[in-house]
Amino acid sequence: MLQFALLAALQGAMPPATVPTAGPEPRVYDGRAGHLAVSIPRHDTAIVVDGVLDEAVWGNAALLTGFSRFMPMDGIPAEDSTEVQVWYGPTAIYFGIRAREPHGDVHATLADRDRIFSDDYILLFLGTFNDSRQSFVFGVNPLGVQGDGVLVERGTLVGGGFQGGSTQGRESPDLSPDYVYQSKGRLVEGGYEIEIRIPFKSLRYQGNPEQTWQLHVVRQIQHSGFEDSWAPAQRASASFLGQAGTLTGLRDLARGLTLDFTPEVTGRVDGGRNGAGQWDYDRSGPELGGTVRWGISNTLSLNGTANPDFSQVESDVSQIQFDPRDALFFPEKRPFFLDGLELFQPPFNLVYPRRLVQ
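At the far end of the sequence shown sits residue 359, using the numbering used here, and the numbering has no gaps.
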């Protein structure tokens, strides 16, 4: 009895046994299971965007899985595994993508910007105003080459994906804007990995203290022609953006100073034969100009331009004019005419600024 009482006393004096706890588990959001409201975690850290998802912060990111087929037939589970990790910091939002492709080769080239759509690629649709109508579009191929733009849905489905076609799918974005963001990708055994950082100063978003953004993640597999989507979107729906998932809990977003200045120097040389059969050249310029953009807030910007270049600024875009009465349309790349493009898109091209020569 004495031994039993002594043992009980010792047990009462000892602290309760502690069970070791594991680190925070990544929150998994299965698209096919309808888990589309993503509570995005915040980490006040910075990483190097190198295409290698080896930083510890990726283990605590929200994990998006359960992709579904979107093209050419929706509602089918995706054959190839795709995992997307997402988190945000004070100044940017980060995406890490692991795409497995055991059924065929990965299509990846060192293409020009906005020319990645013959490769495998990932598209991120960020609806920062949560209105199911407009979205920023960020595309990356397996090597990290970028293709970006803006999508404003008008209710006119012209085909699936960027290539169009007879099958209705989703509207094609306008690829004219070029946003500033970082991306890097690499090929791995059985697929590829991509790391993306999108600064908040490259985006427009609501002025609310707590943000809710819409998110679509689309993956194109070239060898099969399939297009997979994290949110189980239906092609028969009137709106693709309206079927997006959401990112909730975005707070205290810091844009910092948003100031862009783009100087321009242009010159011109005209040549022709004179009366003696020789060539004469008339040189003019150089002319100076520039564009400035000041992001006063996340919803208000001040833009200005002086002596903008109204010529064909994209030298690699060549067109032949057969009838001088018909205007040639070149891709718009001048920042002054692209800023806020998603807010000024009528159903018809009523104003073509290149006609404003003087």
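Every residue gets a Cβ at the ideal spot worked out from N, C-alpha and C, and that includes glycine.
Beta-carbon spacing of residue i, residue j below 7 Å
i      : j      : result
Asp115 : Pro143 : no
Glu288 : Thr267 : yes
Arg171 : Phe241 : yes
Trp231 : Leu127 : no
Asp261 : Asn304 : no
Thr66  : Glu84  : yes
Val141 : Ser184 : yes
Val50  : Glu228 : no
Ala63  : Ile41  : yes
Val219 : Leu124 : yes
Thr292 : Pro336 : yes
Gly186 : Tyr180 : no
Gly97  : Leu37  : no
Leu254 : Phe201 : yes
Residue span of the beta strand (DSSP E) that contains residue i, given as start and end
i      : result
Asp122 : For the sequence presented, residue 122 should be read as Tyr rather than Asp. Tyr122 -> beta strand (DSSP E) spans 122-128.
Gln244 : From DSSP, Gln244 is part of no beta strand (DSSP E); its letter is neither H nor E.
Lys185 : 183-189
Trp88  : 83-89
Arg236 : Per DSSP, Arg236 belongs to no beta strand (DSSP E) and is neither H nor E.
Trp214 : 211-222
Ser69  : 69-72
Phe139 : 135-141
Glu194 : 192-200
Ile98  : 93-101
Phe227 : 227-230
Asp31  : 29-31
Gln147 : 147-153
Val40  : Here the sequence assigns Ser to residue 40, which means Val is not the residue at that position. From DSSP, the beta strand (DSSP E) with Ser40 extends over 38-40.
Ala109 : Ala109 -> no beta strand (DSSP E), and no H or E assigned at all.
Thr66  : 63-66
Cβ separation of residue i and residue j, assumed to be a contact under 8 Å, to the nearest whole Å
i      : j      : result
Pro309 : Gly290 : 6 Å
Ile199 : Phe130 : Contact doesn't hold; Cβ gap of about 16 Å is too wide.
Glu211 : Arg252 : 5 Å
Gly150 : Asp175 : 5 Å
Trp295 : Thr263 : With a Cβ gap of about 13 Å, Trp295 and Thr263 do not count as contacting.
Ser136 : Glu333 : In fact, because the Cβ distance is near 19 Å, the residues do not count as touching under 8 Å.
Asp281 : Asn275 : 5 Å
Val39  : Leu204 : With a Cβ gap of about 17 Å, Val39 and Leu204 do not count as contacting.
Arg43  : Pro78  : The pair is not a contact, with the Cβ atoms about 32 Å apart (cut-off 8 Å).
Leu188 : Ala100 : Not a contact, Cβ separation roughly 10 Å.
Ala239 : Gly156 : 6 Å
Contact with chain B by residue i, beta-carbon distance below 7 Å
i     : result
Gly97 : Of the protein chains in this structure there is only one, and it is not chain B.
### Query
Are the stretch 62-76 and the stretch 227-235 in contact at 8 Å, needing three or more beta carbon pairs?
yes
### Query
At which residue ranges does the stretch 257-343 contain complete alpha helix (DSSP H) runs of 4 or more residues, listed in the order of the chain?
336-339
### Query
How do the stretch 244-263 and the stretch 87-101 stand: do at least 3 beta-carbon pairs fall below 8 Å, yes or no?
yes
### Query
For the 8 Å Cβ check, are there 3 or more pairs between the stretch 137-155 and the stretch 100-119?
yes
### At least three beta-carbon pairs within less than 8 Å, the stretch 95-104 to the stretch 209-229
yes
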